[in-house]
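Student: Going letter by letter, the sequence shown gives residues 12 to 478 in the working numbering. Glycine included, every Cβ here is placed at the ideal spot set by N, Cα and C. Supplied in structure tokens, the structure appears directly below.
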Amino acid sequence: MAMLGKRRPPRPASGHSGLARQQAAKPSPPSTQDASALVVERLAHDGRGVAHTANGKTVFIDQALPGERVEVAVHLTRKRYDEAHVKQVLSPSAERVSPPCPHFSHCGGCDLQHLAVASQRAHKENVVRDLFARQGITLGAMASLYGEAQGYRRRARLGVKVDGDGHPRLGFRAAHSHRLVDIESCLVLVEPLQALITPLRGLLNALEAPRHVGHIELLATDTQRVVLVRQLKANAADAERWQAFAEQHELALGTWLGRESPELHWHGAPPPLEERLEIPGSPPLTLTFAPGDFLQVNAGVNQQMVPTVVDWLTPYPDQRLMDLFAGIGNFSLPLAAAGADVHAVEGSPAMVARLASNAERNQLSVSGQQLDLSDPTTVATLLRDEGDRDALVLDPPRSGAEAICQELACRPVARVVYISCDPATLARDAAHLVHAGYRIAQVAVADMFMHTAHMETLMLFEHTGCE
């Protein structure tokens, strides 16, 4: 037990990683699909190429583009379809580009870097259209909201693992795997966070017990950089090293200490974490937040989303508006600043308190309430009690807001803005609204996560019966 968490002496190299040893112990049966050429027909919603074998079986191919003829190797065989990766591109698409990141194809993130940026955005719009078409809904024109293609991500979590030779590794998980990919850089991180990767690697190599570090969270605000360390077990000598590192690089340093229910300890006074929102026609707003609060990773795109929602709802004095899944006030406060009477509902008690504090700080009147918005009975009671609102904002998690939309079908509200991070659940929920007499008045696709298949979709629904 004396060696627990500390460096282990190097052992003779076997020539194989742990994953390779597992594969060597249990070799996969040879696939009849290996080294065969396929023509890619289209992109699946997750960005993989879709092709069919001579006998009609569907194959999903990593990093393949429509129109390409590719030589593939199958890495997973299922009854109805196979999953494969490209061995060689025989006929490349005109939309194929050289990925800018040296870790592309190894790291599990940014898996669309081989596709031109304009084509990435067109693909995301097509995904939204297709998912709605499956619900029998045809969409009209879409607005596009997007920012920088690189250097946009202001928060990230880096995994830490010590290999069998005692060398710490720092990076992200490989796609569909728990294997950690050691990285030297990350082009989608904002520059202040990119600059920390090499120094952090050096610090990990200097720690006495690097195995006690679970992961490292990075966060950049307008005024400072924050490093949060998940420390599985305290180590006094390493704590001093972390403190010296924070002072040297002018960081706010915090430690999540413990395994089951970690507690956050700041090294020094807790830093003021702030989000600044610029809304045309209104004074700038400042929202404070804490680690663990929801915060959009792409500040530039969020700065476009919020004014879009305000513009769609055209708030006026005493307009009665309800914001569900309100978080720290990302939409509530700008709408209140524009004159609306806002009632904000959020599931997290801590974020309800933060929203109230943010409203007071910005001298705005916003009523807040903590409720479980996934519970149909709670939702029904809320909309019964607050159902005379003129407008409603929904910004749910990936699971969507089906219970709310089902209730809105029975208790219509004149205008509903739905902000979604999953177009599949949005299409499902939108069907409840459309079949109940709502019409889709506005659509915008926000490229919040460049070089990935993920997106945010904004929709304005109007119910003419409420006019």
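Buried or exposed: where does His114 fall if 16 or more other Cβ atoms within 10 Å of its Cβ makes it buried?
Tutor: Buried.
Student: Do you know offhand how far Ser376's Cα is from Gly60's?
Tutor: Cα-Cα distance, rounded: 50 Å.
Student: Helix, strand or coil for His63 per DSSP?
Tutor: Strand at His63.
Student: Does the beta-carbon of Asn341 have 16 or more other beta-carbons within 10 angstroms, so that it is buried, or is it exposed?
Tutor: Flag for Asn341 reads buried.
Student: Output needed for Gly463: all residues of its chain with C-beta closer than 8 Å, excluding positions within five of it in sequence on either side, in chain order.
Tutor: This sequence places Thr at residue 463; Gly is not what is there. Answer for Thr463: Gly58, Gly120, Cys121, Asp122, Leu123, listed in chain order.
Student: Hey, Pro111 and Leu198: beta-carbon distance below 8 Å or not?
Tutor: Yes, these two residues count as a Cβ contact at 8 Å.
Student: Under 8 Å: do the stretch 318–327 and the stretch 169–185 share three or more Cβ pairs, one atom per stretch?
Tutor: At 8 Å Cβ cutoff, the stretches do not touch.
Student: Is Asn309 helix, strand or coil when you go by DSSP?
Tutor: Three-state DSSP puts Asn309 in a strand.
Student: Report yes if the C-beta of Ala48 is less than 7 Å from at least one heavy atom of the ligand FAD; otherwise report no.
Tutor: As presented, the structure is devoid of all ligands, the ligand FAD included, so that no description of it is given.
Student: Using the rule of at least 16 other Cβ atoms within 10 Å of the residue's Cβ for burial, across every protein chain shown, is Asp406 buried or exposed?
Tutor: Buried, by the Cβ-count rule.
Student: Consider the Cβ of Leu169: report whether some Cβ of chain D lies at a distance smaller than 8 Å.
Tutor: Looking at the structure shown, chain D is missing, and only one protein chain is on hand.
Student: What's the C-alpha gap between Ala105 and Val192?
Tutor: The alpha-carbon atoms of Ala105 and Val192 are separated by roughly 30 Å.
Student: Going by alpha carbons, who is nearest to Leu156 out of Asp249, Met459, Lys90, Glu473?
Tutor: Ranking the options by Cα distance to Leu156, first place goes to Met459.
Student: For Arg241, which residues of its own chain have a beta-carbon under 6 Å away from its beta-carbon, when the five flanking residues on both sides are left out?
Tutor: Closer than 6 Å at the Cβ level, and outside the excluded window around Arg241, lie Gly225, His226, Trp267.
Student: DSSP three-state call for Gly213: helix, strand or coil?
Tutor: Here Gly213 sits in helix by DSSP.
Student: On the three-state DSSP scale, how would you describe Pro221?
Tutor: Pro221: helix per DSSP, three-state reduction.
Student: Note down the Cα distance separating Leu76 from Cys421, rounded to an integer number of angstroms.
Tutor: Going by the C-alpha atoms only, they are around 44 Å apart.
Student: Which word fits Lys135, buried or exposed, when buried means at least 16 other C-beta atoms lie within 10 angstroms of its C-beta?
Tutor: Buried, by the Cβ-count rule.
Student: Take the Cβ of Gln99 as the centre, count every other Cβ of all protein chains shown within 10 Å, and call the residue buried at 16 or more, exposed below.
Tutor: Classification for Gln99: exposed.
Student: According to the Cβ coordinates, are Val428 and Leu393 closer than 8 Å?
Tutor: Going by C-beta atoms, Val428 is not nearer than 8 Å to Leu393.
Student: Apart from the five residues on each side of it in sequence, which residues of its chain come closer than 7 Å, Cβ to Cβ, to Pro387?
Tutor: Excluding positions up to five away in sequence, the list reads Ala414.
Student: Mind checking who Pro179 pairs with in its DSSP beta bridge?
Tutor: Its beta-bridge partners are Val173.
Student: If contacts are defined as beta-carbon pairs under 8 Å, then Leu335 and Val404 qualify, I think. What distance do you get, rounded to the angstrom?
Tutor: Yes, Leu335 and Val404 are in contact; Cβ-Cβ is about 7 Å, under 8 Å.
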